[in-house]
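A.B. asks: Sequential numbering from 1 applies to the sequence shown in the UniProt record's numbering. Every residue gets a Cβ at the ideal spot worked out from N, C-alpha and C, and that includes glycine. No experiment lies behind these values; they were computed from the predicted model shown.
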Amino acid sequence: MQTWAKPKIVVSKCLGNTACRYNGEASTFSLYIKLKPFVEFIEVCPEMAIGLPVPREVIRLVREKDTIKLVESSSLKEYTEDMINFSTNFIDNLKGVNGFLLKSRSPSCGTRDVKIYQGTAKGAQSSKGKGIFGGLVQDRFSYLPIEEDGRLKNFAIRDHFLSSIFTLSEFSDVQEHQDLPTLLKYHSRHKLLFMSYNQTELKNLGRIVANHDHLSETEIIDAYYTGLLKLLSKTPRYTSNINVFMHSFGYFSEYLNPKERDFMLSVVEKYRAGKIPLSVLLNLLKSQAIRFNNQYLLDQSFLEPYPEELIDISDSGKGVTR
Numbered sequence: 001m002q003t004w005a006k007p008k009i010v011v012s013k014c015l016g017n018t019a020c021r022y023n024g025e026a027s028t029f030s031l032y033i034k035l036k037p038f039v040e041f042i043e044v045c046p047e048m049a050i051g052l053p054v055p056r057e058v059i060r061l062v063r064e065k066d067t068i069k070l071v072e073s074s075s076l077k078e079y080t081e082d083m084i085n086f087s088t089n090f091i092d093n094l095k096g097v098n099g100f101l102l103k104s105r106s107p108s109c110g111t112r113d114v115k116i117y118q119g120t121a122k123g124a125q126s127s128k129g130k131g132i133f134g135g136l137v138q139d140r141f142s143y144l145p146i147e148e149d150g151r152l153k154n155f156a157i158r159d160h161f162l163s164s165i166f167t168l169s170e171f172s173d174v175q176e177h178q179d180l181p182t183l184l185k186y187h188s189r190h191k192l193l194f195m196s197y198n199q200t201e202l203k204n205l206g207r208i209v210a211n212h213d214h215l216s217e218t219e220i221i222d223a224y225y226t227g228l229l230k231l232l233s234k235t236p237r238y239t240s241n242i243n244v245f246m247h248s249f250g251y252f253s254e255y256l257n258p259k260e261r262d263f264m265l266s267v268v269e270k271y272r273a274g275k276i277p278l279s280v281l282l283n284l285l286k287s288q289a290i291r292f293n294n295q296y297l298l299d300q301s302f303l304e305p306y307p308e309e310l311i312d313i314s315d316s317g318k319g320v321t322r
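(1) Would you mind reading off the limits of the alpha helix (DSSP H) that contains L101?
(2) The alpha helix (DSSP H) with I33 in it runs from where to where?
(3) For the stretch 23-35 against the stretch 113-124, are there 3 or more C-beta pairs whose distance is under 8 Å?
(4) Could you say if the stretch 184-194 and the stretch 300-307 meet the contact criterion of at least three C-beta pairs nearer than 8 Å?
(5) Keeping to the same chain, check which residues put their C-beta closer than 6 Å to that of M195; ignore five residues upstream and five downstream.
(6) Report the rounded CA-to-CA distance for R158 versus L152, giving the unit in angstroms.
(7) So, Y79 versus I116, is the Cβ gap smaller than 7 Å?
(8) Would you kindly report the start and end of the unbroken alpha helix (DSSP H) that includes Y238?
(9) Look at L284 and V267 and say whether their C-beta atoms are less than 7 Å apart.
(10) If you follow the beta strand (DSSP E) that L162 is part of, which residue opens it and which one closes it?
(11) Out of S169, P46, L70 and M246, which has the shortest C-alpha to C-alpha gap to K8?
(12) Quick check: the stretch 80-90 against the stretch 125-137, are at least 3 beta-carbon pairs closer than 8 Å?
(13) By the 10 Å Cβ neighbour count, where 16 or more other Cβ atoms means buried, how is R207 classified, buried or exposed?
(14) Taking the alpha-carbon positions, what's the D149 to L101 distance?
(15) Is it the case that the Cβ atoms of D113 and R105 are separated by a distance below 7 Å?
(16) Expressed to the nearest angstrom, what Euclidean distance is found between the alpha-carbon atoms of residue 323 and S74?
(17) Whole angstroms are fine: how far does the CA of N294 sit from the CA of E255?
(18) Identify every run of the alpha helix (DSSP H) within the stretch 92-133, keeping only runs that are complete inside it and at least 4 residues long; order them along the chain.
(19) Hey, how far is the Cα of I59 from the Cα of L144?
(20) Starting from the Cα of V209, find the closest Cα among Q199, K185, L229 and N98 and give me that residue.
(21) Do you know how far the Cα of S164 is from the Cα of D315?
(22) Rank Y22, L281, Q125 and L183 by C-alpha distance to the C-alpha of M264 and give the top, closest one.
(23) Taking only three categories from DSSP, how would you classify F41?
(24) What is the residue span of the beta strand (DSSP E) that L70 lies within?
(25) Is S12 helix, strand or coil by DSSP?
(26) If you drop the 5 nearest sequence neighbours on each side, which residues of the same chain put their C-beta closer than 6 Å to that of C45?
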């Protein structure tokens, strides 16, 4: 049975059961509840951290000329400097984090689609931008998975986020050991998953592992981590998943009878048409790997990139195309 390394995730406190929103309520997110046994959460509420009470006046972002200020909507009291100082200090002290799960549209935590008003008058027009804390997180940790609760209702975005944080968390073992055998084992286990993300970047990781440049072990692992972050930066396309499935299919296709081969290929076409989720394809592949005792395939993270308890095929249909 797979033993999962626990990703270290910074999360907006209101997405748990903490009633810390401006209206005195929580904004409990179902994925937070599911994730809790499998990750190490670092909870943060930037607004409480700068001394704002619960409940509290609504705060908003207001653009004045070339600057954006954080102000209370009624009193117009400003908290911009307080929020920047807290956020900078908090970020400076983060060590070993694997990702961020933040509250959408929050003037502090939001990373996109946050309303920025063009003035303080009632009914002022607004544009969209980033919250102060969320924006600083993106500036400092642009290479890590950073998502909002709203976007994670999309299956492809959620699957990518979960795959990324558990893959990065497992790499922490490589960084701790600082030796090539551990890196080679990691690279082998994730090879098919990486193939589904980006074959060019997979080849780059392979060159780093081969060490034709005669780097030290520390330099190799650092270079590999940089390449890994680049590889994980974009969501895999369904066509890439099909390519990896067909590559894996080649390990046992010769042992199948024509009806079995036709059935497996028909399932691939259903996935291609968007009629079934990837999990159906992966379970079919896993069943054949078990049947033919193919340990290489059974060890591949592509078949189970994160705990199966976190699999949820619900999909908002918003945020990304196939």
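C.D. replies: On the basis of the coordinates in this document:
(1) Element bounds for L101: not the alpha helix (DSSP H) but the beta strand (DSSP E), G99 to L102.
(2) S30 to L35
(3) no
(4) yes
(5) L202 and V244
(6) 5 Å
(7) no
(8) Y238 to F249
(9) yes
(10) Careful: L162 lies outside any beta strand (DSSP E), inside the alpha helix (DSSP H) at F155 to H177.
(11) S169
(12) yes
(13) exposed
(14) 7 Å
(15) yes
(16) Beyond the ends of the chain as shown, which are 1 and 322, falls residue 323; an answer cannot be given.
(17) It is Tyr, not Glu, that sits at residue 255 in the sequence shown. One C-alpha to the other measures close to 12 Å.
(18) none
(19) 28 Å
(20) K185
(21) 19 Å
(22) L281
(23) strand
(24) T67 to E72
(25) strand
(26) K13 and C20
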